[in-house]
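Numbering (this note's numbering), first residue to last: 1 to 434.
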């Protein structure tokens, strides 16, 4: 019987020990689930969303809105009631006179309450100024978000351009390697001299250098994009989903100008700043009014009990808040100038961005009107003629350089066009071109 019980305890002990070992060896599931893998593919919309949500500078600046709201609470507070109490006539230096009746018949007591009545509508004006400050702060944060969106879109376009440039460089290298292989066969058959062949192979170095440069450019463009959207959020070789494409828009500068004047957060912040300055001037004039302090007190001196009332206020013979009022009036004039300057900046930005959009669209149309095909056809003709001995090596290399430069310039033109589109959206303050 004892052997059976002992065997059961032994088996249970072995099972518990095995379970404990498995629990220790098993990695924590919760920790593994909380660590999300880096994002490997991004669209422009996703990149902008991540940047606006996770940019550390923006997150810090958003906290200024909460700080301004906290200042609203402070502005709405009323003065505290003042309580005072004192006792006089205590015979601390003559302890022998301290008897049971001393506190009743000898010591005098005074207790009082005081309250300050604010005049000139100070509290309401403080609240208004605090709300104006919150409004200006929020609009400045919106403007900072606008800048982050623009920077992210520009960085995304730079990645697309770097990807396209790398693909072009790789295609050019592969194509030129075919030329090298054909000419190696010509050397073997005696149709090409060894010196000319060495010139061809040396030209391959330029194509390989183009690939290396394009690869470095892609790495740098990705790093810039990662900095904006969150360096640890996306993978090191994150793929920007999209293509360099030309899609013209039908817009008029008059409508863009009207949209910008209504939507630009920096202009809205300047307008709110003017209202803040005007309300601050009203507050300073309210501060000119003297507050009234009222008090009520109770006194006991021996058997006598008395009640006292009091009132106090400053006589405004010297300080009538003249300096702060003058300062606030100048601040209003300054805010008017700032608003006018920002409005002029908005109008200038729209005109400049619209001109850049029109110019970049015209450049892309020029390339697509036939120059791309002409460069490609010129290269094909030069290769065909060179391989048959009808053209010299310099003509072939010149055609290679022309085609490579034209193709790269076309991709740059597409990137400039896309940048001009996001520039228009940026200066207007909203997505008018999608």
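All residues carry an ideal CB built from backbone N, CA and C; glycine is no exception.
- Distances from the alpha-carbon of residue 277 to those of 422, 324, 428 and 112 put 324 closest.
- Annotated three-state conformation of residue 300 is strand, per DSSP.
- Spatial neighbours of residue 133 in its own chain (CB-CB distance under 7 Å, excluding positions within 5 residues in sequence) are listed in chain order as 68, 71 and 276.
- Of the residues 207, 104, 413 and 124, the one whose Cα lies closest to the Cα of residue 397 is 207.
- Cβ-Cβ distances below 8 Å link residue 320 to 288 in the same chain, with the five nearest sequence neighbours on each side left out; the list follows chain order.
- For residue 406, the closest of 420, 141, 165 and 263 by C-alpha to C-alpha distance is 165.
- In the structure shown, residue 183 adopts helical secondary structure according to DSSP, grouped into three states.
- Contact between the stretch 169 to 177 and the stretch 210 to 217 is present, with at least three C-beta pairs closer than 8 Å.
- Cβ neighbours of residue 347 within its own chain (closer than 7 Å, five residues either side excluded): 257.
- Taking a 10 Å sphere around the C-beta of residue 202, we find fewer than 16 other C-beta atoms and assign the residue as exposed.
- Residue 312 places its beta carbon 8 Å or farther from that of residue 113.
- Beta-bridge pairing by DSSP links residue 87 to 109.
- Closest in alpha carbon position to residue 242, among 404, 42 and 91, is 42.
- A distance below 6 Å between beta-carbons, with the five flanking residues on each side excluded, links residue 38 to the following residues of its chain, in chain order: 234 and 235.
- Contact annotation: the stretch 81 to 89 touches the stretch 110 to 127, with at least three C-beta pairs closer than 8 Å.
- With respect to residue 218, residue 163 sits close: the two C-beta atoms are nearer than 8 Å.
- Counting along the chain, residue 321 sits inside no beta strand (DSSP E), nor does DSSP assign it H or E at all.
- At the C-beta level, residue 149 and residue 48 come within 8 Å of one another.
- The three-state reading of DSSP puts residue 312 in strand, counting E and B together.
- Counting along the chain, residue 72 sits inside the alpha helix (DSSP H) bounded by residues 56 to 76.
- A residue is called buried when at least 16 other Cβ atoms come within 10 angstroms of its Cβ; residue 252 does not meet this threshold and is exposed.
- Ranked by how close their Cα comes to the Cα of residue 89, the residues 74, 107, 75 and 101 have 107 in first place.
- The three-state secondary structure of residue 287, taken from DSSP, is coil.
- Bridge partners of residue 272 according to DSSP: none are assigned.
- About 20 Å separates the Cβ atoms of residue 434 and residue 161, ruling out a contact at the 8 Å cut-off.
- Residue 259 is positioned such that its CB atom lies no closer than 8 Å to that of residue 339.
- Contact between residue 286 and residue 139 is absent: CB atoms are separated by about 25 Å, not below the 8 Å threshold.
- A buried status is given to residue 400, since no fewer than 16 other beta-carbon atoms sit within 10 Å of its beta-carbon.
- With respect to the 8 Å criterion, residue 125 and residue 282 are classified as neighbours on the basis of their beta carbons.
- Of 183, 195, 263 and 189, the smallest CA-CA separation from residue 431 is found for 263.
- Nearest to residue 380 by C-alpha distance, out of 176, 240, 40 and 79, is 176.
- Between the C-alpha atoms of residue 314 and residue 293 there is a straight-line separation of about 9 Å.
- In the three-state DSSP reduction, residue 93 falls in the coil class, being neither helix nor strand.
- For residue 373, the enclosing alpha helix (DSSP H) starts and ends at 372 to 387.
- Counting along the chain, residue 398 sits inside the alpha helix (DSSP H) bounded by residues 393 to 428.
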